[in-house]
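Worksheet: the structure to be examined is printed underneath.
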Amino acid sequence: MDKEEARFRQRFQAFPSSFNLEIEELKSSKKIVLFKKKVEENVSSEIYDSTTERIRMYNLLTFLNWRANENDDAYSYNRKALELDKENIVSLFNRLWMRREDGYLTEANEELNRLAKLAEANTNLLLIGKAEIAYCYPIFGPSYLLKSKDMFEDVVRKLVDKDIHPDSIFSLKLDLGIMYRKLCNP
142 MDKEEARFRQ RFQAFPSSFN LEIEELKSSK KIVLFKKKVE ENVSSEIYDS
192 TTERIRMYNL LTFLNWRANE NDDAYSYNRK ALELDKENIV SLFNRLWMRR
242 EDGYLTEANE ELNRLAKLAE ANTNLLLIGK AEIAYCYPIF GPSYLLKSKD
292 MFEDVVRKLV DKDIHPDSIF SLKLDLGIMY RKLCNP
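The following block contains the structure:
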């Protein structure tokens, strides 16, 4: 990896993206396909009936399809997520990652700079993105519940006094409560 690539990856790691998920089980292509199938079945069965949940799952499917080398499907799920919320920070960073991997280095670097400025101007975006990533971890098994809970706690603690819509805080507190429940009853 050259210096420019290393610098890009280091900067990228600071932002919420499905491509920053740290999942040991995804080192096996068979496991990737199994998780992808599970999430696709859940999305098609209407289990995720809120817009926020659908966006989270579309972003996760973007990542899983990319990891399964089904890049057209990855872009398709990314478009679906952005159609629901054109400013979803995770969707934007996912698209940035894929474009960079597809060889659009200059475009990706410019987009990273633009998104970094956007995130700097509104730190709530990063926290909401972190919550989205936290939401995805339990899908990969009970060993990720504590990580998810810790991430949700951090987000709720930092957002509770911020100027965001009360529904967002209530939703995040519900997500945190669900993680507590899952930890007590894995």
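First residue of the sequence shown: 142, per my numbering; consecutive thereafter. The beta-carbon is built from N, C-alpha and C at its ideal position, and this holds for glycine as well. Bear in mind that the values here come from a model prediction, so they are computed numbers and not experimental data.
Per-residue burial, residue i [other beta carbons within 10 Å of its own, 16 or more giving buried]
i    : result
Y218 : buried
Y199 : buried
F311 : exposed
A215 : buried
T203 : buried
L175 : exposed
I269 : buried
E273 : buried
First through last residue of the alpha helix (DSSP H) which encompasses residue i
i    : result
V174 : S170 to S185
S289 : L286 to L300
S217 : N212 to L225
L268 : T264 to C277
Straight-line gap, residue i to residue j (C-alpha atoms, nearest Å)
i    : j    : result
P157 : E145 : 20 Å
A275 : E251 : 27 Å
E211 : L313 : 32 Å
K171 : D226 : 31 Å
L317 : Y278 : 13 Å
F234 : K177 : 20 Å
E228 : L237 : 13 Å
I230 : I196 : 11 Å
V184 : L223 : 16 Å
F293 : D213 : 32 Å
L259 : K271 : 15 Å
E242 : W207 : 10 Å
I164 : K303 : 31 Å
Where residue i falls: helix, strand or coil (DSSP)
i    : result
G282 : coil
L162 : coil
N206 : helix
V191 : Position check: residue 191 holds Ser in this sequence, whereas Val was assumed. Coil, per DSSP.
A155 : coil
K314 : helix
I196 : helix
I319 : helix
K303 : coil
- Quick one: complete alpha helix (DSSP H) runs, 4+ long, within the stretch 224–262? If only complete runs of 4 or more residues are kept, the stretch 224–262 shows the alpha helix (DSSP H) at 230–242 and 246–262, in order along the chain.
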